[in-house]
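Working notes, beginning with the structure itself.
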Amino acid sequence: MNVMNLFFNGKVVSESMEKILMPKQPKTIISFLAVLIFISLTTFATVALANQSTIKVDASVVNIRTGPGLSYDIMTQVVGGEKVNVIAEENEWYKIRMSNDQIGWVASWLIGNTEISAASNKIGTVTGEPVNIRSEGHSNAEIIGTVAKGTELTVLFQQGGWTQIQYNGQVAWISSELIEVTTPTKETAPSSVATKTNSEAPIETITIRSDGTNIRSGPSVDKSVVIKASKGDSFTYLSTEGDWYQIQAADGQTGYVANWVVDLSADKTAAPTANITSLAEATIVIDAGHGGEDPGAPGGTYNEKEATLKTAKLLAERLKRAGANVVLTRSSDTSVSLNQRVVTSNQAAADVFISIHYDSTETPNEISGTTTYYYHEKDKGLANQINAQLEQNGPLPNNGVRFGDYYVTRENTRPAVLLELGYLNHYIDRSTINTDSYRQSVVESIYQALDHYFAP
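Residue numbers (my numbering): -19 to 436.
Take a look at the structure:
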């Protein structure tokens, strides 16, 4: 072989080595290609993520529903710690895309990141006729449907000549050449259903959520009851007065019902009623008895108002960890009227209202232990659930379930109980009540009871 010697860094090298040390492609071209590839990958990542916010599920198990509300069917569940992508937001519900590309809705209060800013997805208009919808972003993917020219589809992102869309509740793909993407628009609630947050939506039918709902003679809880309605009963909508709807029964009788105890429909079809199947979807109102200028029963070194607030806060923390939406009637040493406590429960549409108290007697050391009170017969089942757990797990004697005529349970339209968790003027109870271990046992008992109460 004819070898031509060359000098490289002061050394003699062969012509064959020249091909290695001095490639024909200039380094500038290679650098340019590397930069181009980097830009392409960055652009793809930007487009793919522009319409998403990744969030983590906090509750242990969360129901994913077919629409933004508890009245919609459960399509699947996700477990705590799983990450999903938010693609829209409506009425405190997030529209999400799961890891398996399913589209569903989850209650916002079950999500750890409270600073979610859901993306405003773009709308694409189909320009071809007809156009295949595919399971993946390539021409060999399975065809899962077809759409006509002019059909509008929600666009999630685009890559490699394909557009990812929402189609029949799942993620699908369409050729980018056959869809024209327009300016982002905000999703609105389905026109067939009116909501309390959309005052302009049409209302024609009012549907009752719970058995024993009071239909009153006027728009106030102080007005007389003219009808006792059951869950699923429907009435014709007449007008709105503040937080109340004037309605008409089939026999022509009219009355008023609070807006927090009903579902609405834009036609004569009854609206679906809320279907809570887990504690994680429930709203629990916790009422720490007394407070402010009202100390409650004296307990020597502490008063009832202090004991109830400590218990209420600990209970709230436990229920929040389980995913429940928790509302406290008071979170500090403030005065709250009995009526305001009831209003808080009704306006929050509480699935359960629990009033926390500690008892006392005229004669010290006369009675010991816990007692569970209810007023409405429909709430007796809830009272039995909670009391059974207190009896099983509590260190103090249990005095059972009793009827009690208390304002916060009597005037409450939501399922309500009042708990007396010990006697502050009994020497055993008093030394037990003001301990972390006792509060923990009470809280865990209530949590277990509610978990069973909401189980399907």
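No residue lacks a Cβ here, since even glycine has one placed at the ideal position from N, Cα and C. This one's a predicted model, so the numbers in the text were calculated from it and none came from an experiment.
Item: Cut-off 6 Å between Cβ atoms - residues of its own chain near residue 332, not counting five sequence neighbours on either side; Value: 264 and 395
Item: Own chain partners of residue 268 with C-beta closer than 6 Å, once the 5 adjacent residues on each side are dropped; Value: 288, 289, 292, 310 and 336
Item: Per-residue burial, residue 406 [other beta carbons within 10 Å of its own, 16 or more giving buried]; Value: buried
Item: Assigned secondary structure, residue 432 (DSSP; H/G/I helix, E/B strand, else coil); Value: helix
Item: Residue 208 - partner residues in DSSP beta bridges; Value: 194
Item: Segment contact, 8 Å Cβ cut-off, at least three pairs: the segment 350 to 368 with the segment 425 to 435; Value: yes
Item: Chain-order list of residues whose beta-carbon lies under 8 Å from that of residue 322 (same chain, five-residue window excluded); Value: 201, 387, 388, 391 and 392
Item: Cβ contact (3+ pairs, closer than 8 Å) linking the segment 296 to 314 and the segment 370 to 378; Value: no
Item: Limits of the beta strand (DSSP E) - the one that residue 398 falls within; Value: 396 to 403
Item: CA-to-CA distance, residue 277 to residue 244, given in whole angstroms; Value: 44 Å
Item: Candidates 118, 377 and 398, of which the one nearest residue 356 by Cα; Value: 398
Item: Which of helix, strand or coil DSSP assigns to residue 425; Value: helix
Item: Residue range of the unbroken beta strand (DSSP E) whose run includes residue 84; Value: 83 to 87
Item: Exposure of residue 319, with buried meaning 16 or more beta-carbon neighbours within 10 Å; Value: exposed
Item: Which residues DSSP lists as bridging residue 360, in chain order; Value: Partner(s): none; residue 360 has no beta bridge.
Item: Simplified DSSP state of residue 259, which is helix, strand or coil; Value: helix
Item: Proximity winner among 144, 408, 205 and 191, relative to residue 117 (alpha-carbon distances); Value: 144
Item: Beta carbon of residue 207 nearer than 9 Å to that of residue 217; Value: no
Item: beta-carbon residue 279 near the ligand PLP non-hydrogen atom, thresh 8 Å; Value: The ligand PLP is absent from the structure shown, which contains no ligands of any kind.
Item: Beta-carbon contacts of residue 438 that lie in its chain and below 6 Å, excluding the five residues immediately before and after; Value: Missing from the structure shown is residue 438; the chain here goes from -19 to 436 and no further.
Item: Close-in-space but distant-in-sequence residues of the same chain around residue 47 (CB under 7 Å, 5 per side omitted); Value: 85
Item: Host beta strand (DSSP E) of residue 378 (start-end); Value: 378 to 383
Item: The segment 106 to 113 in contact with the segment 122 to 129 per 3-pair CB rule at 8 Å; Value: yes
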